[in-house]
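Chains as they are written, first to last, in the numbering used here: chain P, 340 to 664; chain F, 43 to 295. Each residue gets a CB set at the ideal place from its N, CA and C atoms; glycine is no exception. Before any comments, here is the structure.
The following block contains the structure:
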C-alpha cells in the first residue's frame, strides 16, 4: 500500500556518467504528482532526454533511484514500464507497417490484451482513424508524430513522457497537440514534456523545470516562477526630451532611451515596495512630465534564458539588458 | 510472464515475412530447385550413389541445412538490427518485457520462418526425388534445434552489428563456407584423410550428418554426438544473449 500523496514519479539523486566520462545527469532529484503537466526546459545537451531515457529504462543510471507509483524502476520494471508511455524525440517508426498494426503492436508489447475499442478511440482522438490502414511511410511528419503518440497511449499509461513532441510541427498541429495533452491530463494522465518552445511550457505546463549541464536549476510552478523571477518594467513616454537624469531620480533603476523621450523603470514583481508611487512623485517634483505610460512583464523565455546563463556563469543581466533595448 | 508482449513481437515479425513473401519464401524455393536441377539431375546423374543413396537424395539434408542456417541467421539478425537501425528499439527497451520474452518473440519468429522454409524445401525436393525419411522425429528435432540455435546466433549478430556490412559478413564469410565444406554436397569419405580430420572441426558437419542420418541412416559422426553438439551450441548462444541483455551490450548506454 502506498500513501495517498505518494508522488507518481520520484527521482532521487539520479546521476548518469557515460563510458567516455561525460556526466549527463548530476544528482537529479524531483517529485511529480499525479495529474500534473511538467515542462522540462533546457538547451541542447542539457540532459533532458537522458533523464527521460533513464526513467523509461533506455539508459542505465549510474546512481540514484527512480520510483513510479512507488515501484522501483529496476526491481519492479514490469510494473513501472507498464505505467509509462514514451513519445521519443525522433520520428522513429516502422515505415512499412500500417498505422493500426503498429499501434496494436505497442499495446501488446506493453502487456495489454488486444482492445480494438481503445485503439479506435486513441486513433480517432488523434485524427488517425481514417489513416489506420495506411503504411506509416506514406504519412506526413506531423501525422507520424501523432502515430508515435498513439503508440505511447495504446497501453493506457498513467505517466506520459513527451520528448519534444512538437519539434518540427506546424502551428496548427502544435495547438492540436496542446489540446490532446490537456485532455489527457483531464483523464488523470501525468505528463512530463521536454521542449525548446517556451510558449509551449507557458501554454500547457503546471510546473516548469529548467535543466542545464545535467542539473536541475529549478523546478517551480509556472505561475510562481513568473511571479518570483519575472521582472516588470514601467515605460514612460516623456513630453520633452531628457539629455540626462536629474540627481533627484538618479537612485532609481532607470534607463533613458537614446532620443531621451523614454524612461524605463525595471522592478521585481515580488518586492514589497516596488517604488512606482515614489518614482512618479519624484518625477513630478523634478518637473518631468510624461504623455503616456505602460508596463511590460518578462516572458518565461526571458526567465529561462536568464536562468540558463546564470547557471552557466554568464552575465545575468539579460532581462534588464533586453528591457533597455 | 508478458505473453502479450511475446505474441506482439512474434506476430510483428511474422507479418514482416508476409510483406516480403518473395524474398523470404519464393527465392529460397527457386534456389533449391536450381540446386536439384544442376547437382541432382545434370551432375548427379553422372555421380555414383553415395552411401547407397542416389546423389540427388543425398544432397537433400545438406540443402535443408544450408537454407535453415542462412535463413535463421538472416531473419533473426535483421529482426533485431532493423529496430536498432531505424530507432524503434526504444520501444522494446522501455517495454515491460524480460530478456527471455524478447528472445522468445524474435527468435521464435525467425525459427518458425526457417522451419517453414525447411519443410517447403523438403516438399520441393519431393518433386525431384523419391524422398524417404527413416526417423521423422529425429529429423524434426534437428530442424527445430538448428533453426532455434542459429536464430539465436543471428540475434547475437543483429545486436553486435552496427552497420549492414557487419550484418552480412558472418553469413557470407563464415556460415556459407562452413556449410559448403560441411559435407552438404559430398561425403567426407570422398576427401583425403587429412581433410577428413580437418572437416571434423567444422561444426556444420555435425548438423548435416545428424540430419542426413535421420533420412537415410548414414552419417559422418554418431547421431547423438550431432544432437549433443547442436544442444551445446544452443546453450552457448542463449548464454551470450542473456549476457548481452544483462550488460546492455550495444543496446543500452
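Nearest-angstrom Cα distance between residue 348 of chain P and residue 406 of chain P? Indexing the first chain from 1 puts residue 348 of chain P at position 9. Indexing the first chain from 1 puts residue 406 of chain P at position 67. Looking at the two C-alpha atoms, the distance is approximately 6 Å.
Would you please state the rounded distance, in angstroms, between the beta carbons of residue 192 of chain F and residue 114 of chain F? I believe it to be under 8 Å. As a first step, residue 192 of chain F is located in the second chain; it is residue number 150 there, counting from the start. As a first step, residue 114 of chain F is located in the second chain; it is residue number 72 there, counting from the start. That pair is a contact at about 4 Å.
Minimum C-alpha distance to residue 580 of chain P - residue among P:626, P:519, P:485: As a first step, residue 580 of chain P must be located in the first chain, where it is residue number 241. Considering only alpha carbons, the answer is P:626.
Between which residues of its own chain and residue 386 of chain P is the CB-CB distance below 7 Å, once the five residues before and five after are set aside? The residue given as residue 386 of chain P occupies position 47 in the first chain. Cβ within range, chain order: 363, 364, 550, 553.
Three-state secondary structure (DSSP) of residue 508 of chain P: Here residue 508 of chain P corresponds to residue number 169 of the first chain, with the count starting at 1. If DSSP states are grouped into helix, strand and coil, residue 508 of chain P belongs with coil.
Could you tell me which residues DSSP pairs with residue 417 of chain P in its beta bridges? What you label residue 417 of chain P is simply residue 78 of the first chain in a count that begins at 1. According to DSSP, residue 417 of chain P bridges with nothing at all.
Under the three-state reduction of DSSP, which class applies to residue 409 of chain P: helix, strand or coil? For the purposes of this step, residue 409 of chain P is taken as the residue at position 70 of the first chain. Three-state result, residue 409 of chain P: coil.
Buried or exposed for residue 521 of chain P, please, with buried defined as at least 16 other CB atoms from any protein chain shown within 10 angstroms of its CB. Here residue 521 of chain P refers to the residue found at position 182 of the first chain. That one is exposed.
So, residue 621 of chain P versus residue 587 of chain P, is the Cβ gap smaller than 8 Å? Taking the first chain and counting its residues from 1, the one referred to as residue 621 of chain P is at position 282. Taking the first chain and counting its residues from 1, the one referred to as residue 587 of chain P is at position 248. Yes, the Cβ-Cβ distance between residue 621 of chain P and residue 587 of chain P is below 8 Å.
Anticipated Cβ contact below 8 Å, residue 66 of chain F with residue 213 of chain F, distance rounded: Here residue 66 of chain F corresponds to residue number 24 of the second chain, with the count starting at 1. Here residue 213 of chain F corresponds to residue number 171 of the second chain, with the count starting at 1. So it is not a contact: roughly 15 Å between Cβ atoms.
Buried or exposed: where does residue 178 of chain F fall if 16 or more other Cβ atoms within 10 Å of its Cβ makes it buried? Here residue 178 of chain F corresponds to residue number 136 of the second chain, with the count starting at 1. Looking at its Cβ environment, which holds fewer than 16 other Cβ atoms inside 10 Å, residue 178 of chain F is exposed.
When the Cα atoms are used, what is the spatial distance from residue 53 of chain F to residue 444 of chain P? Against the second chain, residue 53 of chain F aligns to sequence position 11. Against the first chain, residue 444 of chain P aligns to sequence position 105. Distance between the alpha carbons of residue 53 of chain F and residue 444 of chain P: 8 Å.
Assign residue 496 of chain P to buried or exposed, taking buried as 16 or more other Cβ atoms, counted over all protein chains shown, within 10 Å of its Cβ. Within the first chain, the letter at position 157 stands for residue 496 of chain P. Under this definition residue 496 of chain P is a buried residue.
For residue 160 of chain F, does the three-state DSSP call read helix, strand or coil? Here residue 160 of chain F refers to the residue found at position 118 of the second chain. Reduced to three states, the DSSP call for residue 160 of chain F is helix.
Which one or two residues does DSSP pair with residue 629 of chain P in a beta bridge? Mapped onto the first chain, residue 629 of chain P falls at position 290. Bridge partners of residue 629 of chain P: P:577.
Three-state secondary structure (DSSP) of residue 75 of chain F: Sequence index remark: in the second chain, residue 75 of chain F carries index 33 (1-based). In the structure shown, residue 75 of chain F sits in a helix (DSSP, three-state: H, G or I).
Name the one or two DSSP bridge partners that residue 551 of chain P has. Here residue 551 of chain P corresponds to residue number 212 of the first chain, with the count starting at 1. Residue 551 of chain P is bridged to P:554.
Please confirm whether residue 283 of chain F and residue 146 of chain F have their CB atoms less than 8 Å apart. Within the second chain, numbered from 1, the residue matching residue 283 of chain F stands at position 241. Within the second chain, numbered from 1, the residue matching residue 146 of chain F stands at position 104. No, the Cβ-Cβ distance between residue 283 of chain F and residue 146 of chain F is not below 8 Å.
Is the Cβ-Cβ distance between residue 306 of chain F and residue 95 of chain F less than 8 Å? One cannot answer for residue 306 of chain F here, as it falls past the ends of chain F, which runs 43 to 295.
Assuming residue 104 of chain F contacts residue 240 of chain F (C-beta within less than 8 Å), just tell me the rounded distance between them. Reading the second chain from its first residue, position 62 is the one you call residue 104 of chain F. Reading the second chain from its first residue, position 198 is the one you call residue 240 of chain F. So it is not a contact: roughly 18 Å between Cβ atoms.
Which residues in the same chain have their Cβ closer than 7 Å to the Cβ of residue 507 of chain P, if we skip the five residues on either side of it in sequence? Taking the first chain and counting its residues from 1, the one referred to as residue 507 of chain P is at position 168. Residues 480 of the same chain have their beta carbon placed closer than 7 Å to that of residue 507 of chain P, with the five preceding and five following residues left out of the count.
Contact criterion: CB-CB distance below 8 Å. Does residue 128 of chain F meet it with respect to chain P? As a position in the second chain, residue 128 of chain F is number 86, starting the count at 1. Residue 128 of chain F counts as touching chain P.
So if DSSP puts residue 572 of chain P in a beta bridge, which residue, or which two residues, is it bridged to? To locate residue 572 of chain P, count along the first chain from 1; it is residue 233. Looking at the DSSP assignment, residue 572 of chain P forms a beta bridge with P:605, P:635.
Would a check of beta-carbon distances place residue 252 of chain F closer than 8 Å to chain P? The sequence position of residue 252 of chain F within the second chain is 210, counting from 1. With 8 Å as the cut-off, residue 252 of chain F does not count as an interface residue toward chain P.
So is residue 592 of chain P in contact with chain F if we call contact Cβ pairs under 8 Å? Looking up residue 592 of chain P in the first chain gives position 253. No, residue 592 of chain P lies away from the interface with chain F (no Cβ there is under 8 Å from its Cβ).
Look at residue 504 of chain P and residue 532 of chain P and say whether their C-beta atoms are less than 8 Å apart. Position 165 of the first chain, counting from 1, holds the residue named residue 504 of chain P. Position 193 of the first chain, counting from 1, holds the residue named residue 532 of chain P. In this structure, residue 532 of chain P lies closer than 8 Å to residue 504 of chain P by Cβ.
Looking only at C-alpha atoms, which of F:266, F:62, F:91, F:200 sits nearest to residue 124 of chain F? Taking the second chain and counting its residues from 1, the one referred to as residue 124 of chain F is at position 82. It is F:200.
Nearest residue (CA-CA) to residue 274 of chain F, options F:149, F:137, F:59, F:190: By 1-based counting over the second chain, the position of residue 274 of chain F is 232. Of F:149, F:137, F:59, F:190, the residue nearest in Cα terms is F:190.
Quick check on the DSSP output: what are the complete beta strand (DSSP E) runs of length 3 or more inside the stretch 188-231 of chain F, in order along the chain? none
Would you kindly report the start and end of the unbroken beta strand (DSSP E) that includes residue 378 of chain P? Counting from 1 along the first chain, the entry for residue 378 of chain P is found at position 39. Residues 376-380.
Backbone secondary structure at residue 55 of chain F - three-state DSSP: Here the question's residue 55 of chain F lines up with position 13 in the second chain. Reduced to three states, the DSSP call for residue 55 of chain F is helix.
Residue 464 of chain P - DSSP class collapsed to helix/strand/coil: Walking along the first chain from the start, residue 464 of chain P turns up at place 125. Residue state, collapsed to three classes: helix.
Measuring CA to CA, which of P:494, P:448, P:544, P:401 is closest to residue 456 of chain P? For the purposes of this step, residue 456 of chain P is taken as residue 117 along the first chain, with counting starting at 1. Among P:494, P:448, P:544, P:401, the Cα nearest to that of residue 456 of chain P is on P:494.
Classification of residue 296 of chain F by the beta-carbon crowding that lies within 10 angstroms, buried from 16 upward: Because chain F in this structure spans residues 43 to 295, residue 296 of chain F falls outside the shown range and cannot be described.
When burial is assigned at 16 or more other CB atoms within 10 Å of the CB, is residue 76 of chain F buried or exposed? Stepping through the second chain from its first residue, residue 76 of chain F is reached at position 34. Label assigned to residue 76 of chain F: exposed.
Does residue 431 of chain P have its Cβ less than 8 Å from a Cβ in chain F? Stepping through the first chain from its first residue, residue 431 of chain P is reached at position 92. True, the Cβ-Cβ gap to chain F drops below 8 Å.
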